Every structure is written in C-alpha cells, then in structure tokens.
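A.B. asks: In case it helps, the UniProt record's numbering puts the sequence shown at residues 1 to 418. No residue lacks a Cβ here, since even glycine has one placed at the ideal position from N, Cα and C. Computed from a predicted model, the values in this text were never measured in an experiment. Structure below; questions to follow.
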Amino acid sequence: MMWSCKRDRVYTHSLLAIKMRLANFPKVSPWASNTFCRQQFSLTRKRITNPSNRSAGSVAFSKDLRTEKRSRLHQTLLKQNSLVEPPGSPDRKEQRLDYQPPKSGILSVIPASWVPYAELIRIDKPSGTYYLFFPCLFSTLMAAPMAVPAAPVGSVVSTSLLFFSGALIMRGAGCTINDLWDRNLDPHVVRTRLRPIARRAISPFKGLVFTGAQLLTGLGILLQFPTSCLFYGIPSLLFVASYPLAKRVTYYPQIVLGLTFSWGAIMGFPALGVDLLSNWSALTAAGCLYSSNIAWTVLYDMIYAHMDIKDDANAGIKSIALKHGAQTKQILTGLAGAQIALLAAAGVASGAGPAFFIGSCGGAAVTLGIMIRKVNLKNAKDCWWWFVNGCWLTGGSISLGLVVDYLLRDLEDEPGDF
C-alpha cells in the first residue's frame, strides 16, 4: 500500500515536471505537448513498475528521467520545426511539406543561390508589382494635361517607366518586411509555409540586410524625380512597415494596405511638376484618386484574403474576410461603387473629358461587376484567378480611358491649322 501511494506521487510529480518544462517552449503545439506527455507517462510507469528499479534510489531514477526527457523533447521540437503536419489536423490531410526547387519559370533559370531572394521579392508572382504600379500610372496620366505646359508624351512614358522600376523594387522591399514580421506565422499557413524566411532558407539578419539594399535602391530611383517627390514619397515607408503589424491588431489590415499601395496615386502630380499645395484642382483630383485606389485595394485584397481564411483563423491572423465573410459580396459591391464614384470625382476635378468617364469609369464598373458576380470565394484557385486577372481588367480599363483622354486633350491644345 505504501509503495502504491509513493508510486502515485511519483506519477504526479513527473507529469507536473514535464508540463512545466514544456511551458518554456511556446512554439510546441498542443498536439506535440500531449503526445510527449503520454510518452513520458508510459516511460515513468515502466521504470517504476520494473522491480530492478525499485531499489535504485530516487536520485538515479530522476537523473535518468531527465536525460530521457531532454532527448524526447529535442525530438519533439525537431518534428515541430520540420514542416510535417501532425496527424488529425483539422480540415487537412496528413502530408509532408517538403520544399521542391522550381523546375519552370524564371526561378528555374537563375542561379540556385539567388532563388530564395527571388522568391522573397515574389519575382515569379508579379501581380503585386502591377497593383502597386497602376496608381502611379493613373496619377501620371491624370496629371499630364494639368501640367503647365502639358507634359509631352515622351515625358509621360519616361516617368511611367521610372515608376514601374520603383514599384518593382518597393514591392520586393514590402514583401521582405512582411515576411520578416510574419516569420513565426507563415509556417502555420499552407500557402506561405515554404516562403524563404519561413523555411529558414534566408536568416532574419540576411533578410534585414536585403531589405536595406532594396530601400537604398528605391531611394536612388526616387532621386531621379523632382526634389519635391522626395517629400511626398518618404512618408509612405511608415505604412510599408506597419501593414504586417496591422494584421495582428485589427480585422481591417486591408485599409492599411490600401493606404500603402495607393500612394502612387499622389506621386504622379509632383513627378510632372504639378504643385499640389498651390493647385486646388490638382489637390482635389489627387485626393479623390488616392481614395478611389484605397477602395480598389481593399476590394481585391478582400478576395485575396479568402484564399487563407481557414489558416488565418487558426494562426490568429486577422483580416476583413474573417470579420465579414458572410457579407463579402455586399461589401465588395459597396467598395466598387465607392471606387467608381471617387474616380469620377477625380475626373471632374482634373477636367477630364468623355473618354475618361466612358472608358475609365465605365470600364471599371463593368469589370468589377463581372468579377464580384462570378468569383467563387470558397475556391482558393478561383480567388487567385480573379486577383491576378482583375488587375489587368480593371487597371487596364482605367488606364486606357486615361490614355485616350490625355491624347485627345493634347491634340486639342496643339496650335495650328489642320
């Protein structure tokens, strides 16, 4: 009887010690913790019930148990840090998440040592670069007829090319900053689990150095614009750095993303010499265009967020798709209406002609309406298709209307008889 009571106390003490030790390892999942506790309980029971161990003394037994416990814990942590899904994970089949080097596309032709950095800036997924570039293009085309004198075609083209270079660099910098923030969250999301920093192909320190190099390159491009652009461009870095944090504290990080990605809707005006502080019409047009692009960003990123809605909920990542999943189509419709109304207001302020209202506003209304009606929010592949192609459908329509309007107004302003 005395031996039975003593054995029960040892059981209890062992379990408490195991759980206290595991408490110091917050990265271990509940599945790993429970499995480890069961293994240790079984080991303890075998040792105590073995007659040869009853006379060995508690000191020797505790030492052996601690050694075995460290070994088992090390194995458990290795399993947890490897990309192996625990059996019985909700809504997933057991699978091994091994990284496979790319065998097609641009990533397959560059040196292997460059691949993690190319993946980090999403060079194989350029949609984000296009979404960052389009607001710059919109503002450049809208500002061109407002410049005094009107900006020539060559100036508009060269300015647009500079903006595209800047969008390519700064989008990569934004992705790197995002992955540095999310390095402990990405392994828990199926779509992001194999990103370079998440799978430890790039260390956080190297990622930080790479970010600095990209920001310096972006600064070099920014210095190619008029000096006033420097004062308009630098404040956007605050939003670039804060977006990943917003996903942790609010269900509306898409608004912060909109403030970031839409910044180019302001930059085109000072880039072509239009002073926003002294030109009320230009300031109004820039403000309406910026707000319109914010609505567009929230719209397309809400569709994008539906691809990860289950994993985001499990990982504690917040998004507007999680908060308003049941009302997504209604919210998308409202955002589309706001985008088109603000775009039209920008056209009125800038003195745009019928080509803009028919091509840009009308084209955006049609493409957004089709996308909202047809997108299947429960299908990740369908969400991705509309995210990628919606960029060109809506962005292309707005750009085409602005180009035609600019060319027509440029022809009207040319002196001489025909």
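Going by the beta-carbon positions, is the gap between Ala-295 and Phe-269 smaller than 9 Å?
C.D. replies: Cβ atoms of Ala-295 and Phe-269: not closer than 9 Å.
A.B. asks: Ignore the nearest five residues each way along the sequence and tell me which others in Tyr-406's own chain have a CB closer than 7 Å to its CB.
C.D. replies: Result list for Tyr-406: Leu-141, Ala-144, Pro-145, in chain order.
A.B. asks: Within this structure, are the beta carbons of Leu-120 and Ile-221 separated by less than 9 Å?
C.D. replies: No, Cβ-Cβ distance for Leu-120 and Ile-221 is not below 9 Å.
A.B. asks: Do the stretch 256-264 and the stretch 321-336 make contact, defined as three or more Cβ pairs closer than 8 Å?
C.D. replies: Contact fails: fewer than three Cβ-Cβ distances are below 8 Å.
A.B. asks: Residues in the same chain with beta-carbon distance under 6 Å from Ser-89, minus the five sequence neighbours each way, listed in chain order, please.
C.D. replies: With a pLDDT of 35 at Ser-89, under the threshold of 50, the modelled position of this residue cannot be trusted; read the value that follows with caution. Excluding sequence neighbours, Ser-89 sits near nothing in its chain.
A.B. asks: Note down the Cα distance separating Gln-339 from Asn-376, rounded to an integer number of angstroms.
C.D. replies: The alpha-carbon atoms of Gln-339 and Asn-376 are separated by roughly 22 Å.
A.B. asks: What distance in whole Å lies between the Cβ atoms of Thr-227 and Leu-168, which are believed to be in contact at a cut-off of 8 Å?
C.D. replies: About 23 Å; that fails the 8 Å criterion.
A.B. asks: Assign His-324 to one of three DSSP states: helix, strand, or coil.
C.D. replies: Of the three classes helix, strand and coil, the one that applies to His-324 here is coil, per DSSP.
A.B. asks: With C-beta atoms as the reference, is Leu-402 less than 9 Å away from Ala-315?
C.D. replies: It is not a contact, given that the beta carbons lie outside the stated cut-off.
A.B. asks: Distance, Cα to Cα, Ser-104 vs Asp-124?
C.D. replies: Computed Cα separation, rounded: 10 Å.
A.B. asks: Assuming Lys-318 and Arg-248 make a contact with CB atoms under 8 Å, what is their CB distance in whole Å?
C.D. replies: Rounded, the Cβ-Cβ distance is 7 Å, consistent with contact.
A.B. asks: If you follow the alpha helix (DSSP H) that Asn-314 is part of, which residue opens it and which one closes it?
C.D. replies: From DSSP, the alpha helix (DSSP H) with Asn-314 extends over 309-315.
A.B. asks: Trp-384: which of Tyr-304, Asp-98, Met-267, Ile-320 sits nearest, CA to CA?
C.D. replies: The shortest C-alpha separation from Trp-384 is found at Tyr-304.
A.B. asks: Within the present structure, is the beta-carbon of Val-209 separated from the nearest heavy atom of the ligand GDP by less than 8 Å?
C.D. replies: Judged by which ligands are present, the structure shown has none, so any question about the ligand GDP falls away.
A.B. asks: Measuring straight from C-alpha to C-alpha, what distance separates Arg-193 and Pro-187?
C.D. replies: Cα-Cα distance, rounded: 4 Å.
A.B. asks: Can you round the beta-carbon distance between Ile-398 and Gly-363 to whole angstroms, since I take them to be within the 8 Å contact cut?
C.D. replies: Indeed, because the Cβ distance is near 7 Å, the residues count as touching under 8 Å.
A.B. asks: For Trp-280 and Val-274, what's the separation of their Cα atoms in angstroms?
C.D. replies: Looking at the two C-alpha atoms, the distance is approximately 11 Å.
A.B. asks: Out of Phe-356, Phe-164, Lys-374, Ile-358, which has the shortest C-alpha to C-alpha gap to Thr-328?
C.D. replies: If we check each option's Cα against that of Thr-328, Lys-374 comes out closest.
A.B. asks: Please name the residue in Asp-98, Ser-360, Pro-354 whose C-alpha comes closest to that of Arg-199.
C.D. replies: Ranking the options by Cα distance to Arg-199, first place goes to Asp-98.
A.B. asks: Starting from the C-beta of Thr-367, find all residues in its chain whose C-beta is less than 6 Å away, skip the five residues before and the five after it, and write them out in chain order.
C.D. replies: Excluding residues within five positions, the ones whose Cβ falls inside 6 Å are Leu-393, Thr-394, Ser-397.
A.B. asks: Are the beta-carbon atoms belonging to Met-170 and Gln-224 less than 9 Å from one another?
C.D. replies: No; because the gap between Cβ atoms is not below 9 Å, this pair is not in contact.
A.B. asks: For the alpha helix (DSSP H) containing Asn-178, list its first residue and its last residue.
C.D. replies: Here the alpha helix (DSSP H) through Asn-178 covers 153-181.
A.B. asks: Are Ala-265 and Pro-354 close, meaning C-beta to C-beta below 9 Å?
C.D. replies: No, these two residues do not count as a Cβ contact at 9 Å.
A.B. asks: By the three-class DSSP mapping on this structure, what secondary structure does Thr-284 have?
C.D. replies: Helix.
A.B. asks: With 16 other CB atoms within 10 Å as the buried threshold, where does residue 467 fall?
C.D. replies: The requested residue 467 does not occur in the structure, where the chain is confined to residues 1 to 418.
A.B. asks: Report the three-state DSSP secondary structure of Ile-197 (helix, strand or coil).
C.D. replies: Three-state result, Ile-197: coil.
A.B. asks: I think Cys-391 touches Ala-346, with their Cβ atoms under 8 Å apart; what is that distance to the nearest whole Å?
C.D. replies: Not really, about 20 Å apart at Cβ, beyond 8 Å.
A.B. asks: Over the uninterrupted alpha helix (DSSP H) stretch that includes Val-209, give me the two end residues.
C.D. replies: From DSSP, the alpha helix (DSSP H) with Val-209 extends over 204-222.
A.B. asks: Of all the options Pro-102, Val-153, Gly-212, which has the alpha carbon lying nearest to the alpha carbon of Arg-409?
C.D. replies: Minimum Cα distance to Arg-409 is reached at Val-153.
A.B. asks: Could you check what DSSP says for Asp-417 in three-state terms: helix, strand or coil?
C.D. replies: Bear in mind that a pLDDT of 42 at Asp-417, under 50, signals an unreliable position, so the number given afterwards is only what the model happens to contain. Looking at Asp-417 - three-state DSSP - the assignment turns out to be coil, as it is neither helix nor strand.
A.B. asks: Near Ile-106, what residues of its chain come up, given a Cβ to Cβ distance below 7 Å and the 5 sequence neighbours on each side ignored?
C.D. replies: Only Ile-123, Asp-124 meet the Cβ criterion.
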